[in-house]
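**Student:**
In the numbering used here, the protein residues as written are 144 to 392.
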């Protein structure tokens with residue numbers, strides 16, 4: 144798969160698309176698929192790496208055998224730290240190494256395809272517009288989103304109290320979800336800074352979103368496999384992370 148990417152990627156946009164795919168896969172591993180990821184990082188196995196794949200999937204496997212590898216390698220031995228640290232700290236550590244790996248892969252492609260300074264600046268600009276995986280896993284994105292939402296709600300309360308009520312306090316079945324044409328233009332602006340808890344991308348007015356009633360994080364419906372039709376029958380939505388969260392010694 145990576146060999147195909149090396150043959151096909153040529154432009155800044157294509158390298159960034161590859162970056163976003165790998166990033167989305169790693170975010171899934173550390174959030175919505177965290178229980179499965181934890182089980183695959185067996186300390187009894189040899190050095191394991193967490194790979195983000197261009198198709199937004201992830202894989203835990205042994206490092207490549209060839210030397211030097213075709214692509215920069217992720218951090219080795221993430222499985223050994225699994226039982227030696229608190230799970231939250233361990234996931235944050237994996238997130239930091241994953242952010243470093245994603246940058247290494249992106250700039251490896253940039254060097255291989257001869258990006259000049261302008262191209263490199265443009266690539267970094269695209270990357271820097273997204274929150275890091277560490278920010279998502281550590282909860283700092285959630286905190287920033289709530290702060291921005293609070294400021295936005297306060298500033299718009301005099302203009303439209305009904306829009307704020309729809310965002311936070313209505314008890315109807317759609318009080319925790321957003322979908323195309325449900326909100327007016329004012330709400331589109333209000334949600335502009337909201338980030339998906341799974342992929343980390345911004346809210347868009349043409350996408351269906353749903354909010355977890357436990358952690359109060361918003362998600363693209365497609366990221367958590369919830370459609371507007373399914374949302375009709377959900378009284379209290381619990382995201383995959385909250386559904387699979389376990390208390391560990």
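Note that beta-carbon positions come from the ideal geometry of N, C-alpha and C, so glycine has one too.
Let me confirm a value: residue 241 is counted as buried when at least 16 other C-beta atoms fall within 10 Å, else exposed. Which label applies?
**Tutor:** It is buried - the Cβ of residue 241 has at least 16 other Cβ atoms within 10 Å.
**Student:** Please go through the same chain and pick out, in chain order, the residues whose beta-carbon is closer than 8 Å to the beta-carbon of residue 196, but skip the five residues on each side of it.
**Tutor:** So the qualifying residues of the chain are 144, 164, 165, 168 and 202.
**Student:** Drop a sphere of 10 angstroms on the beta-carbon of residue 343, count the other beta-carbons inside from all chains shown, and report buried for 16 or more, exposed for fewer.
**Tutor:** Its Cβ being crowded by 16 or more others within 10 Å, residue 343 is buried.
**Student:** For residue 177, tell me which candidate among 189, 214, 193 and 188 has the shortest Cα-Cα distance.
**Tutor:** Of 189, 214, 193 and 188, the residue nearest in Cα terms is 193.
**Student:** Residue 274 and residue 225: beta carbons closer than 8 Å?
**Tutor:** Not closer than 8 Å, so no.
**Student:** In this structure, does DSSP put residue 363 in helix, strand or coil?
**Tutor:** Note: residue 363 maps to strand in three-state DSSP.
**Student:** On the DSSP letters alone, give me the boundaries of the alpha helix (DSSP H) that residue 194 sits inside.
**Tutor:** No alpha helix (DSSP H) contains residue 194, which is instead part of the beta strand (DSSP E) from 192–195.
**Student:** By Cβ distance below 6 Å, which residues in the same chain neighbour residue 250 in space, the five residues on each side in sequence not counted?
**Tutor:** Answer for residue 250: no residue qualifies.
**Student:** Given this structure, state the Cα-to-Cα distance separating residue 171 from residue 200, to the nearest angstrom.
**Tutor:** Cα-Cα distance, rounded: 8 Å.
**Student:** When you compare the CB positions of residue 341 and residue 376, do they come within less than 8 Å of one another, or not?
**Tutor:** Cβ distance not < 8 Å, so residue 341 and residue 376 don't count as in contact.
**Student:** At the level of alpha carbons, what is the spacing between residue 374 and residue 257?
**Tutor:** One C-alpha to the other measures close to 47 Å.
**Student:** In angstroms, rounded to a whole number, what distance separates the CA positions of residue 353 and residue 184?
**Tutor:** About 30 Å.
**Student:** State the start and end residues of the unbroken alpha helix (DSSP H) segment that holds residue 203.
**Tutor:** Looking at the DSSP string, residue 203 is not in any alpha helix (DSSP H); the run it does join, the beta strand (DSSP E), is 201–204.
**Student:** Compare the Cα-Cα distances from residue 213 to each of 381, 223, 255 and 219 and report the closest residue.
**Tutor:** That would be 255, whose Cα lies nearest to the Cα of residue 213.
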